[in-house]
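Chemist: Numbering (the numbering used here), first residue to last: 629 to 983.
Glycine included, every Cβ here is placed at the ideal spot set by N, Cα and C.
Bear in mind the structure is a predicted one, so any value in this text is a computation, not a measurement.
#1: Excluding five sequence neighbours on each side, which residues of the same chain lie with their C-beta closer than 6 Å to the C-beta of residue 969?
#2: Report the option in 716, 811, 961 and 836 whose CA atom is closest to the CA atom of residue 906.
#3: Could you tell me if residue 720 is buried or exposed, where buried requires 16 or more neighbouring beta carbons within 10 angstroms of its beta carbon?
#4: Tell me the rounded alpha-carbon separation between residue 860 and residue 928.
#5: On a CA-only basis, which of 948, 685 and 758 is nearest residue 925? Give me that one, please.
#6: Tell me which same chain residues have a C-beta within less than 8 Å of the C-beta of residue 767, skipping the five on either side of it?
#7: From residue 903 to residue 732, what does the alpha carbon distance come to, in whole angstroms?
#8: With DSSP run on the structure shown, which of helix, strand or coil describes residue 983?
#9: What residue from 901, 893 and 890 has the CA that sits closest to residue 883's CA?
#10: Specify the secondary structure class of residue 748 as computed by DSSP and reduced to three states.
#11: Within the same chain, show all residues whose beta-carbon is closer than 7 Å to that of residue 729, passing over the 5 residues directly before and after it, in chain order.
#12: Give the range of the beta strand (DSSP E) segment to which residue 930 is assigned.
#13: For residue 667, which residues in the same chain have their Cβ closer than 6 Å to its Cβ, ignoring the five residues on either side in sequence?
#14: If you follow the beta strand (DSSP E) that residue 942 is in, where does it begin and where does it stop?
#15: Does DSSP classify residue 966 as helix, strand or coil?
#16: If you count every other CB in all the chains shown that lies within 10 Å of the CB of residue 841, and 16 or more means buried, which is it?
#17: By Cβ distance, which residues of its chain are closer than 7 Å to residue 618, with the 5 residues on each side in sequence left out?
#18: Give me the Cα-Cα distance between residue 681 and residue 688, rounded to the nearest whole angstrom.
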């Protein structure tokens, strides 16, 4: 079976390609060039750099598979970077990895896979796909959490469609991270001990506010910092420098810890309050995607409002466009712009974007 393997130059995608090769598949390695690396136009972070592309090529040579670099600069700008900047302009907190995975990696790589007569696209995500046959003879595809709870990445994949899942392959879904690194050593891969990348790839050193300003200078508009009584207690240099739940860097003097509890882009106002003011039991979300095409209306399920945030029991009411959710217990720092992903046990039902 011919499979296109997305190769980022990290240990996860490298081992995914190696496992498929060992299983006897005809594997073609593809790496994505996401920004201009020849002219140094962007000094981006530690993902998909020239070093990463070189690592991916070395792994491909070691495995004896063809390797190509595909230019996705335009798609990356349109689907990921522009959206990231606009979300901060609108006082929302984006999560670009979700757009990158669904809107860029899978959709674009599937197009390339078709051109190469490949059956599947494989990535190094920690997730699982299950195929079920229905009574009418058709197949449906489920997205399920990885075996390794600490590495599970289904939060980033909730927007995948049935078509995408039908051609997705996640070889690491049944493995732990330690087992993946051991596999890399066994295969003699140069990336066996390469550290994982945890930063947003296009924001060097985590300075996202400076990056947003460079793309949208007009956002640097000063405004008021107010308390929950509406009293002005400080000034700020741009609402894009704040996120819901933020405590550090407020520039305020207070005898008690203060947290950002609300952001208003129109008035450029930042509202702060005590920690308990961050607690909410309800949220709404838009642009939802239901993987199994059956919105869980009124169902008692669980939800995750951030990656690495514990799943929490809730009840959800939904249709094909929106969802409303009520948690059994209050959750802290529910941030507009982030994704909320709905689970039934280890089964991913779908999710949407928090409004």
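Modeler: To lay it out plainly:
#1: 783, 786, 932 and 979
#2: 961
#3: buried
#4: 41 Å
#5: 948
#6: 759, 760, 761 and 794
#7: 37 Å
#8: coil
#9: 901
#10: strand
#11: 784 and 785
#12: 927–932
#13: Low confidence applies to residue 667: its pLDDT is 49, below 50, so where it sits in the model is not reliable, and the reading given next is rough at best. Closer than 6 Å at the Cβ level, and outside the excluded window around residue 667, lies no residue.
#14: 940–946
#15: coil
#16: buried
#17: There is simply no residue 618 to check, as the chain begins at 629 and stops at 983 in what is shown.
#18: 11 Å
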